[in-house]
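Letter by letter, the sequence shown follows residues -20 to -1, 1 to 1020 in mature numbering (1 follows the signal peptide of the UniProt record, and there is no 0).
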Amino acid sequence: MINATTAVLLATSWAPLLSGQLHQCLNADDPDCRGGVAAFRAMLRYNSKLEAQGTQDDALPFAHVQLLDKDSAFVHMHPLGLSVNRLILNGLMGLDVFASSPSILLQNKLDYEVSSQDISSLQTHDMPLLLSNVGIPPTNSWHPFTKAVHFDTETRLAILSLSMSTEALNVPQIPAASGMLRYVRKMNEENGCVMPSSSHYTAYSDSFLNSNVTNKVGEVSPSNCWLPVVQHSDKGADPFESFLKAMALLPQGHRPAMIIDIEGNVKEYEEPTLIEGIWVASLELNSRTYFQHKLEMSYDTTYGLQLDNVELISAPLSPLPDEMKDEIYRQEIDTLRKAADEAMTNNPIIGYSDEMPFARDLTSYRPCKSGECPIGNLFTDAARWYAKADVAFVTSGGVRGPGWQAGDVHVSNVWESLPFPNLLCTGKINGVHLFQLLNYSMSVATFEGENTDDGGRLLQLSGLKVTYNTELSPSRIISIDVLDRESGEFKPIDRLQIYEFATDSYLCGGYKPFPSLLGRDNLVVAGEQPGTIIEKLYQEILADFLDATTSLESPYNTTIKNRLVNDTAATEVLNLVQTEKSCVPGEYWEAAIQTCLPCAVNFDVSFSKELIEFEATDRGRVETITLTNNEEFDVAIIPKILPGWLVLDSAQSAYAGSDTPTTLGAGESLDFSMSIIPSELEEGTVYVTIAFGVLDGGDYHGCVGSDAGFDITMRVLPTEQLNQLGQIRAAGFTLFGIIAMTSVSCAGFVICHKQHQVVRALQPIFLLCICCGALLMGSAIVPLSIDDKIASQSGCDISCMALPWLLSLGFSVAISALFAKLWRINRIILASVTMRRVKVRVQDVAMPLVVLLVVNITVLLCWTLIDPLVYKRFEIDGASWNTYGRCVGSSNVSNTFLIILSVLNLVMLFLALFQAWKARKISDEFSETKIVGGALYGWLQLLIVGVPVALLISEDDTTARYFLFVALIFLVSMSMLLIIFVPLIVQTKRAQKKRNRKSSQESEGASAYYGQERESTAGRVPVVSALSTVQEESAAIPSV
């Protein structure tokens, strides 16, 4: 009985009967006690007293709805079987109702011959089964022992329990709940809790409102009221939201006060929330957690009891705090211990086996997580046998136990090896999805034998042989073979074949992501069936398997059967997955089986032309083509996507882009005219097939092999790339102008100051030769800068041959002058050292220049006459639109002449360098030997750096090669001019200034300039001015 304003507790438990395994929880203080219904009730009693503090009551009233324990080892090994639930829940704990899935209605052998259980002892009026949305026929033995609403007299709660919509004997949840809520409302009216309403639910009561019949209703009192609470069970948020919306549409006073989603489908309602006047809570019940709702109620004379607030309290069941272990708990644990001992004595032999290795011990080693294991083979063989399936698989993480000795196999051995009460799950899967399932398992499994989550995802197999390579990643599967039940042989997996599979309910419904791989969202191919859970315990299946297939003489073989083989030498992985993009010409995508299928049918439907060629210049051209049905029956055609640059002019509006097939009768034709839009295309050649799918009643989905089509080639050539010099040519001409002005200026300076003592000392003739040579070499920039952009073919040919003439002659003149000057100095110095007279004539000095020029001119003339260089263009990478021009000879003779000239001038360069090296210690007033030597070594460095760089630059990179050659010519020419003439000019200017300041001492200065005192000292080289000792024609030195 409750007051006008009060609070009650509502608790629903999925805890098992025992507090741990059969051999655990010897007494209330045993630390091995883990959860169980005794711990749940102890926590509920404690919380009811705790919540009552500060009120006039010692404890709050509570209602406890307990789920039937039908899958634990204790239940299946106890002599009473399922009926042990009644012994404990009702006989020991005094519960007056229990909950279960409707499958229990089909498990009594009195009702169904296929059941082997007699559970009539579980059926009692003292503890009926609470099911609100099942239609139980009167012929079912459970009919008198169930009820749709539990009226709890302690809490005044009217509790409804709605099972899943897919369960046996199901009645739709919304109509069933609505009917039961009307019944609760009627009970409230008849009990005097509320006055009868005038709604359509109680319309029949209106005629009695003023009659004496209403006198049977006593004084309106909250103690006569019932508060409706609905416990809802279904998978997915959508069914629950639909149910909630339907309940909110009911008239006020007929709605449930609270709806509890015991599957935890809607996370936002984990904390109780008031929605449309209904308290909504969502929690996922489990066997390890204590859940209770504290309901605070008040009374309303119109609507009866009202729910004002709901508070959720949850806590782990284990370990149970000592303050909660009251005397009732200790008594219940002692009684449960005796019942567990009774179950332990009921441990029959169920079959025979060889020695079974351990699957899990006190160490961290888990052999089943490292590969194939015997206990995994046993469980999968049993499932495949029972379900008559092609393949079976279970996860390695759920396989436990210490194994057993060879011989008898007991029920306890089975429960030790597989302690979870999983049910059988069966379905149908094709080869592709079976591969995906196995590929996921093999890719995430660790194969290390360690106790890790991913290690447990390795599947133990039956009816399958999988070869894999653990050194590969992410895909590891090399091959999959499936046992053919007819031949008894293993055959490679067929991606389109449908295989029946068997596994456990945890894999189908709990162990993510396996449920999605085996669920309705993935198994969508025709013939496939998503995993369906069957009310058959895996442990029972194993017992039946051993009993039917083994004997003392023929025990189960526990050897490894090579179902999982690691081949680290194999590298080519298996892949059975296809997508629409995988289809090749001659195949079409069949989405129903997710496979590319070959086109099986071809129809004689063709176009009048097979190929139409367009050029980018054909902007105004219109082509016409005819599609003809040559068959004797109608066909359906459907156009495919057209390229953006093609316009179907006449038929585009009727056919192009339409998704609706068009029928062509026998012999009928359809004309198309087309034009092009070149601007829509990039440079290059496009080859496309314009196809119309030809269908026979729409059975083929765009089959390429059955298409009627024609080809179009559209060529848009790129803009011609001549790779000419362009603007950089101006830079070349600029640099040539600098060389020319510098050469002419230097020559002019020599001519104007040829009588000056400094210029005379450095020999004007040699200085003029150097200026001439630099000018000739610099002039080579002009023909180098000429290509077919600014000159004709003949002009380019002349420029090609002028280039070696200018370079070779310019270099010869300059290097000959430098060589002759150095040779003359060395000869004079040698004569001064030996104190003998020597005469150096102009002819002697000019001879090297004449000889080198004659040889160069002879080679150049032969080259010009025999195999002159011409200007030719060459394609880059075979592209006719992309070319470059260069000077080449008609044969290899040109290369020979080039080598001769190069060797000749290089020899002269090295001879000059040798003379400079000999004169390295000569000191004179103007340091002319050092200046000339520096210029020569500068040339050598430029050649050493420039020639390799030139070889590295591709011939088709005309700009880079031009820039490099111009830079080399510029640097060679300018370095010689600047290194020789800058010091000359500076010294000349200084001498003039000095002569102007000291005109009175000019004769003495000139004398000092042209003559130096000789000193003869041991170990020292005489220091002379080579040009002060000799005249322009000769020099005479006294001999010693």
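Beta carbons are placed, not taken as given, at the ideal position from N, Cα and C, and that holds for glycine.
How is residue i classed by DSSP in three states: helix, strand or coil?
i, result
"HIS273", "strand"
"ASN862", "strand"
"ARG380", "coil"
"GLY284", "strand"
"ALA217", "helix"
"SER459", "strand"
"PHE713", "helix"
"ASN7", "coil"
"residue 1066", "Because the chain here runs from -20 to 1020, residue 1066 falls outside it and cannot be looked at."
"TRP259", "strand"
"ALA(-6)", "coil"
"PHE338", "coil"
"HIS123", "helix"
"TYR249", "helix"
"TRP919", "helix"
"VAL412", "helix"
"PHE427", "coil"
"GLU480", "strand"
"VAL557", "coil"
"MET954", "helix"
"GLU855", "strand"
"GLY(-1)", "coil"
"LEU438", "coil"
Please confirm whether residue i and residue j have their CB atoms less than 8 Å apart.
i, j, result
"MET721", "ILE795", "no"
"LEU403", "TYR518", "yes"
"LEU964", "VAL793", "no"
"ALA79", "LEU110", "yes"
"residue 1086", "GLY489", "Limits of the chain in this structure are -20 at one end and 1020 at the other, which puts residue 1086 out of reach."
"ASP484", "VAL374", "yes"
"LEU142", "HIS212", "yes"
"ALA8", "ILE308", "no"
"ARG364", "ALA482", "yes"
"residue 1038", "GLY331", "Outside the displayed range of the chain (-20 to 1020) lies residue 1038, so it cannot be described from this structure."
"HIS58", "ALA323", "yes"
"GLU256", "ALA226", "no"
"PRO763", "ALA800", "no"
"residue 1022", "LEU(-11)", "Outside the displayed span of the chain (-20 to 1020) sits residue 1022, for which this structure offers no information."
Given residue i, which residues of its chain have a CB within under 6 Å of its CB, disregarding the five upstream and five downstream residues?
i, result
"THR(-16)", "SER278"
"TYR969", "Just to set this straight, residue 969 is Lys in the shown sequence, not Tyr. Hits under 6 Å: none found."
"ARG475", "GLY411, VAL412 and LEU556"
"GLU352", "ILE540, ARG543 and LEU544"
"LEU137", "ALA43, LEU207 and VAL209"
For residue i, which residues does DSSP report across the bridge?
i, result
"GLU603", "MET654"
"GLU264", "GLU243"
"LEU(-12)", "PHE42 and LYS274"
"SER333", "GLY387 and TYR536"
"TYR518", "DSSP output for TYR518 lists no bridge partner at all."
"TYR568", "LEU577"
"ASP132", "LEU137"
Please return the same chain residues whose Cβ sits closer than 7 Å to the Cβ of residue i, not counting the five positions on each side in sequence.
i, result
"GLY647", "ASN609"
Looking at the C-beta of residue i, does it have a partner C-beta in chain C at a distance below 8 Å?
i, result
"ILE355", "This model lacks chain C altogether, as it is built from one protein chain only."
Give every residue of the same chain whose Cβ lies closer than 8 Å to the Cβ of residue i, excluding the five residues on either side of it in the sequence, and list them in chain order.
i, result
"CYS842", "PHE877"
"ALA32", "ASP38, ALA39 and LEU40"
Looking at C-beta atoms only, is the number of pairs between the stretch 445 to 456 and the stretch 544 to 562 that lie closer than 8 Å three or more? Segments in contact, yes.
Is there contact here, the stretch 428 to 443 with the stretch 561 to 579, by at least three beta-carbon pairs under 8 Å? Put simply, the stretch 428 to 443 does not touch the stretch 561 to 579. Fewer than three CB pairs are less than 8 Å apart.
Would you call the stretch 235 to 246 in contact with the stretch 204 to 216, where contact means no fewer than 3 C-beta pairs closer than 8 Å? A contact exists between the stretch 235 to 246 and the stretch 204 to 216.
When the Cβ atoms of the stretch 714 to 734 are set against those of the stretch 748 to 766, are three or more pairs found closer than 8 Å? Taking a cut-off of 8 Å on C-beta distances, the stretch 714 to 734 touches the stretch 748 to 766, as three or more cross pairs fall below it.
Tell me whether the stretch 921 to 931 and the stretch 940 to 957 touch, counting them as touching only if at least three CB pairs, one residue from each stretch, are closer than 8 Å. When Cβ pairs closer than 8 Å are counted between the two stretches, the stretch 921 to 931 is seen to touch the stretch 940 to 957, the count reaching three or more.
Counting beta carbon pairs with one atom in the stretch 47 to 66 and one in the stretch -14 to -4, are three or more of them shorter than 8 Å? The stretch -14 to -4 vs the stretch 47 to 66: in contact.
Segment contact, 8 Å Cβ cut-off, at least three pairs: the stretch 726 to 736 with the stretch 931 to 938: Touching, no, given that fewer than three Cβ pairs across the two stretches are closer than 8 Å.
Does the stretch 491 to 506 touch the stretch 456 to 463, meaning 3 or more C-beta pairs lie closer than 8 Å? Flag = no, the stretch 456 to 463 and the stretch 491 to 506 do not touch.
Would you check if there are 3 or more beta carbon pairs closer than 8 Å linking the stretch 267 to 277 to the stretch 294 to 305? Touching, yes, given that three or more Cβ pairs across the two stretches are closer than 8 Å.
Is it the case that the stretch 856 to 864 contacts the stretch 827 to 842, given that we only count it when at least three CB pairs across the two stretches are under 8 Å? The answer is no - the stretch 856 to 864 does not touch the stretch 827 to 842, with fewer than three Cβ pairs under 8 Å.
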